[in-house]
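**Student:**
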Amino acid sequence: MCEHINTQASSANELRTQLEELGEPPLRSFNARLVPTESDEALLGIRIPTLRQIAKDLWRHNRPLADAFLSDLPHRYLEENLLHMLLLNQLRDADEYATALEPFLPHITNWMVSDAAGPKLPTEELQRLEPYLRTWLADSHTYTSRVGGVLLMSNYLRDLFRPEHLQWVARIPSQDYYSHMLQGWYLATALVTQPDAIWPVLRDPEAAGVPLSVEARLKAIQKSIESRRISAGDKTELRALRAAIRGRHA
Numbered sequence: 006m007c008e009h010i011n012t013q014a015s016s017a018n019e020l021r022t023q024l025e026e027l028g029e030p031p032l033r034s035f036n037a038r039l040v041p042t043e044s045d046e047a048l049l050g051i052r053i054p055t056l057r058q059i060a061k062d063l064w065r066h067n068r069p070l071a072d073a074f075l076s077d078l079p080h081r082y083l084e085e086n087l088l089h090m091l092l093l094n095q096l097r098d099a100d101e102y103a104t105a106l107e108p109f110l111p112h113i114t115n116w117m118v119s120d121a122a123g124p125k126l127p128t129e130e131l132q133r134l135e136p137y138l139r140t141w142l143a144d145s146h147t148y149t150s151r152v153g154g155v156l157l158m159s160n161y162l163r164d165l166f167r168p169e170h171l172q173w174v175a176r177i178p179s180q181d182y183y184s185h186m187l188q189g190w191y192l193a194t195a196l197v198t199q200p201d202a203i204w205p206v207l208r209d210p211e212a213a214g215v216p217l218s219v220e221a222r223l224k225a226i227q228k229s230i231e232s233r234r235i236s237a238g239d240k241t242e243l244r245a246l247r248a249a250i251r252g253r254h255a
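For the numbering used here, add 5 to where a residue sits in the sequence shown, where the first one is 1.
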């Protein structure tokens, strides 16, 4: 069990008090620079491995408190939201996961929480989760669609990949920085496992029938160039492609 917290706390408020005591000011200052969408007062500075262990211990040893915490929305701190997501990751049923996640989605206000989504679901449950991802990706809330994209990228780029997933990602309604970064990240990751599907999109989205914005396309190319999993030859083509795009849109 986690040495840092009493998992037998009796309420969500008591759990919050214990979390406050775990905060590290230097880490809080560091994280504040990573999540500019959050105020300094919303951060405690708790390490992710510590939160992950707390989530596992609560789930195993005090499920009533875990359930009470999940119901206690909105949370006060970013770390509470992270703990919330890490608790949901303990679920192993797609419908239960989606049902528990959906009330939480509107309360996500930064990439750190959205990107922590990662339940370990077996293949048959991932197949049942897929329609939910399509719905979340079509949501106008930046971090709801980002959760959908993170889950799609983490679980559906090999045997469960389908070309229509590219349409879902390209059509994300929110066209802000964090959405473009998600689109670029997804495509750069998919380029490794599904190159035959991704290269046409990067070379000419319109011809490929994928409505990808210039911003997202450039993010995808940049992420691919930065990747250690992309060959030197492919990076040469990507750099030339990036230069051509910038030249057309200068």
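Heads up, the beta-carbon is just placed ideally off N, CA and C, and yes, glycines get one too.
Here the structure is a predicted model, which is why all the values come from computation and not from measurement.
1. Please say whether valine 206 and leucine 223 have beta carbons closer to each other than 8 Å?
2. What three-state label does DSSP hand threonine 22 in the structure shown?
3. Is the number of C-beta pairs between the segment 24–38 and the segment 167–181 that are closer than 8 Å three or more?
4. What residue from Ala221, Glu231 and Thr147 has the CA that sits closest to arginine 251's CA?
5. Given a threshold of 16 other Cβ atoms within 10 Å of its Cβ, counted over all protein chains shown, does valine 219 qualify as buried or as exposed?
6. Entirely within the segment 182–225 and at least 4 residues each: give me those alpha helix (DSSP H) ranges in chain order.
7. Got a sec? Which residues, its chain only, sit under 8 Å from proline 111 by beta carbon, not counting five neighbours each side?
8. In angstroms, rounded to a whole number, what distance separates the CA positions of leucine 187 and serine 76?
9. Just to confirm, is the Cβ distance from tyrosine 82 to leucine 49 under 8 Å?
10. From glycine 123 to glutamine 58, what does the alpha carbon distance come to, in whole angstroms?
11. Would you identify the three-state DSSP class for threonine 5, choosing helix, strand or coil?
12. How big is the Cα-Cα spacing for aspartate 100 and arginine 133?
13. Would you mind listing the alpha helix (DSSP H) stretches within the segment 109–169 that are 4+ residues and don't spill past its ends, in chain order?
14. Quick check: what's the CA-CA separation for leucine 39 versus arginine 65?
15. Do the CB positions of glutamate 84 and leucine 56 come within less than 8 Å of each other?
16. Please determine, among Ile235, Ile226 and Ala237, the residue with the shortest C-alpha to C-alpha distance to alanine 249.
17. Measure the alpha-carbon distance for glycine 165 versus leucine 78 and round it to whole angstroms.
18. Measure the Cβ-Cβ separation of tryptophan 190 and lysine 228 and say whether it is below 8 Å.
19. Got a sec? Which residues, its chain only, sit under 7 Å from leucine 106 by beta carbon, not counting five neighbours each side?
20. Taking the alpha helix (DSSP H) that asparagine 86 falls in, what are its first and last residues?
21. Arginine 65 by DSSP, collapsed to three states: which one?
22. Might you give, ordered along the chain, the residues of its own chain that have their beta carbon closer than 7 Å to the beta carbon of leucine 63, omitting 5 neighbours on each side?
23. Near isoleucine 235, which residues of its chain fall below 6 Å by C-beta distance, leaving aside the five closest residues on each side in sequence?
**Tutor:** The short version:
1. Position 218 of the sequence shown, counted from the start, is the residue given in the question as residue 223. Position 201 of the sequence shown, counted from the start, is the residue given in the question as residue 206. Their beta carbons are not under 8 Å apart, which means leucine 223 does not touch valine 206 by this criterion.
2. For the purposes of this step, residue 22 is identified with residue 17 of the sequence shown, where counting begins at 1. Three-state DSSP puts threonine 22 in a helix.
3. no
4. Your numbering for residue 251 matches position 246 in the sequence shown. Of the listed residues, the one whose Cα sits closest to arginine 251 is Ala221.
5. Along the sequence shown, one-based indexing puts residue 219 at 214. Classification of valine 219: exposed, given that the 10 Å Cβ count is below 16.
6. 182–198, 200–208 and 210–213
7. Your numbering for residue 111 matches position 106 in the sequence shown. So the list reads His146 and Thr149, once near-sequence residues are dropped.
8. Position 182 of the sequence shown, counting from 1, holds the residue named residue 187. Position 71 of the sequence shown, counting from 1, holds the residue named residue 76. Leucine 187 and serine 76: Cα-Cα distance of roughly 28 Å.
9. Within the sequence shown, residue 82 is the residue found at index 77, counting from 1. Within the sequence shown, residue 49 is the residue found at index 44, counting from 1. Against a cut-off of 8 Å, the Cβ pair of leucine 49 and tyrosine 82 comes out as a contact.
10. Stepping through the sequence shown from its first residue, residue 123 is reached at position 118. Stepping through the sequence shown from its first residue, residue 58 is reached at position 53. Glycine 123 and glutamine 58: Cα-Cα distance of roughly 15 Å.
11. Within the shown structure, residues of the chain are numbered from 6 to 255, placing residue 5 beyond reach of any answer.
12. The residue given as residue 100 occupies position 95 in the sequence shown. The residue given as residue 133 occupies position 128 in the sequence shown. Spanning the alpha carbons of aspartate 100 and arginine 133 requires a straight line of approximately 7 Å.
13. 116–119, 128–142 and 147–160
14. Taking the first residue of the sequence shown as position 1, residue 39 is located at position 34. Taking the first residue of the sequence shown as position 1, residue 65 is located at position 60. Those two C-alpha atoms are separated by around 31 Å.
15. Locating residue 84 in the sequence shown gives position 79, counting from the first residue. Locating residue 56 in the sequence shown gives position 51, counting from the first residue. For glutamate 84 and leucine 56, yes; Cβs fall inside 8 Å.
16. Taking the sequence shown and counting its residues from 1, one reaches residue 249 at position 244. Of the candidates Ile235, Ile226 and Ala237, the one whose C-alpha sits nearest the C-alpha of alanine 249 is Ile226.
17. Numbered from its first residue, the sequence shown carries residue 165 at position 160. Numbered from its first residue, the sequence shown carries residue 78 at position 73. A small correction: the amino acid at residue 165 is leucine; glycine does not occupy that position in the sequence shown. Near 34 Å, if we compare the C-alpha coordinates of leucine 78 and leucine 165.
18. For the purposes of this step, residue 190 is identified with residue 185 of the sequence shown, where counting begins at 1. For the purposes of this step, residue 228 is identified with residue 223 of the sequence shown, where counting begins at 1. Against a cut-off of 8 Å, the Cβ pair of lysine 228 and tryptophan 190 comes out as a contact.
19. Against the sequence shown, residue 106 aligns to sequence position 101. Cβ within range, chain order: Leu93.
20. In the sequence shown, the residue the question calls residue 86 occupies position 81. Residues 83–93.
21. Start at 1 with the first residue of the sequence shown, and residue 65 comes out as number 60. Helix.
22. As a working mapping, residue 63 is identified with position 58 in the sequence shown. Cβ within range, chain order: Thr12, Leu70, Ala71 and Leu92.
23. In the sequence shown, residue 235 corresponds to position 230, counting from 1. Closer than 6 Å at the Cβ level, and outside the excluded window around isoleucine 235, lie Ser229.
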